[in-house]
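Peer 1: One rule links them: number in my numbering = place in the sequence shown (from 1) + 127.
Here a beta-carbon is modelled for each residue, glycine too, at the ideal position from N, C-alpha and C.
Nothing here was measured: the structure is a model prediction, and the numbers come from that model.
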Amino acid sequence: MQNRPLTADMTALQDSMEIPGLGVLPVNAFFLRSQQPLLIDTGLPHSRDSFLAAVAELVDLDDLRWIWLSHPDRDHTGALYELLELAPRARVVTTFMGVGILSIERPLPLDRVHLLNPGQSLDLGDRTITAFRPPVFDSPATTGFVDDLTGTAFSSDCFGAPLASAELAGAGDVSEVPADELAAGQGLWAHVDSPWLAGVDRTAFRASLEPLRALDPPLLLSSHLPPATGRAGEFLDRLGELPDFTPFAAPDQAALEEMLRQFEPPTQRSAEVPAAV
Ligand SMILES: [Fe+2]
Ligand SMILES: [Fe+2]
Numbered sequence: 128m129q130n131r132p133l134t135a136d137m138t139a140l141q142d143s144m145e146i147p148g149l150g151v152l153p154v155n156a157f158f159l160r161s162q163q164p165l166l167i168d169t170g171l172p173h174s175r176d177s178f179l180a181a182v183a184e185l186v187d188l189d190d191l192r193w194i195w196l197s198h199p200d201r202d203h204t205g206a207l208y209e210l211l212e213l214a215p216r217a218r219v220v221t222t223f224m225g226v227g228i229l230s231i232e233r234p235l236p237l238d239r240v241h242l243l244n245p246g247q248s249l250d251l252g253d254r255t256i257t258a259f260r261p262p263v264f265d266s267p268a269t270t271g272f273v274d275d276l277t278g279t280a281f282s283s284d285c286f287g288a289p290l291a292s293a294e295l296a297g298a299g300d301v302s303e304v305p306a307d308e309l310a311a312g313q314g315l316w317a318h319v320d321s322p323w324l325a326g327v328d329r330t331a332f333r334a335s336l337e338p339l340r341a342l343d344p345p346l347l348l349s350s351h352l353p354p355a356t357g358r359a360g361e362f363l364d365r366l367g368e369l370p371d372f373t374p375f376a377a378p379d380q381a382a383l384e385e386m387l388r389q390f391e392p393p394t395q396r397s398a399e400v401p402a403a404v
């Protein structure tokens, strides 16, 4: 867990998790130092304490006004309820579906919610941010946003990639990732996270990329990729080709049993092999 300043007003809270067989997935939250401060997602459950400490380094929790919840997947909600207690003025920006999904497990106080649909804007005092639905997503609640002052865009899970190491997952810019590894990782992640991609109408899907291409965000932030400066057009081109990629074949029970066999400790017999052979 580390805080990494990206611009004068944007900081990444970088974490990662290993996915067996795939690599190390970056798990980023972000903090926007707008007039009304905004936290973007709330980290991994098992990093909750360090995440809360990282947020407290960035802002007095009494001053935190907004928590943008991109969607209620567990890797985005780790410290959400603790923050609601620790930051009494903060309201959760999400969608009707986001509230519904969260409330299945634990009710979200409705007076702490601000519903914002794609196309709608939120006033942060010195700027507005406008919600959009990223072209690839894994939850009906997902929203990203564009900062109308700086052009920075946050895309939630979209554009993510598992990478070769925790060091790369925590890189300051995605340009540190070798080009081949980045292309393969983004292709893999899109099909892992959004398996519906394999069945889309290619023409309609490619058309859905155009609004984000027109925005051409100078800084593109993903929950699952190091920050990307000046790469939006290239990434959208790649995304447009991904429906033609071979879909991800997830490990099945036989693969799991093989994996478990590899984890088994050495048997008594192999441990007793004589030293002098
Ligand atoms: Fe997700
Ligand atoms: Fe995610």
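Could you spell out the range, first to last residue, of the alpha helix (DSSP H) harbouring T330?
Peer 2: Segment 329 to 335, the alpha helix (DSSP H) holding T330.
Peer 1: What did DSSP end up calling H241 once you bin it into helix, strand or coil?
Peer 2: Here H241 sits in strand by DSSP.
Peer 1: How close, in whole Å, do the beta carbons of P261 and S283 come, if the pair is a contact with beta carbons under 8 Å?
Peer 2: At roughly 5 Å, the Cβ-Cβ gap stays under 8 Å, so P261 and S283 are in contact.
Peer 1: Between R218 and the rest of its own chain, which residues show a CB-CB distance below 8 Å, the 5 nearest in sequence each way excluded?
Peer 2: Excluding positions up to five away in sequence, the list reads R192, W193, I194, R239, V240, H241.
Peer 1: At a cut-off of 7 Å, is D200 close to ligand 2 when judged by its beta-carbon and the heavy atoms of the ligand?
Peer 2: For ligand 2, at least one heavy atom lies less than 7 Å from the Cβ of D200.
Peer 1: Under the DSSP definition of a beta bridge, which residues are partnered with M144?
Peer 2: Paired residues: L152.
Peer 1: Where does L133 fall in DSSP's three states?
Peer 2: Note: L133 maps to coil in three-state DSSP.
Peer 1: Measuring CB to CB, does L352 end up less than 8 Å from P153?
Peer 2: Contact: yes.
Peer 1: CA-CA distance, L211 and A280?
Peer 2: In a straight line, the C-alpha of L211 is about 25 Å away from that of A280.
Peer 1: Consult DSSP for F223 and reduce its assignment to one of helix, strand or coil.
Peer 2: Helix.
Peer 1: Could you check whether the Cβ of S266 sits closer than 7 Å to any heavy atom belonging to ligand 1?
Peer 2: Result yes, Cβ under 7 Å from ligand 1.
Peer 1: With 16 other CB atoms within 10 Å as the buried threshold, where does T169 fall?
Peer 2: Buried is the call here.
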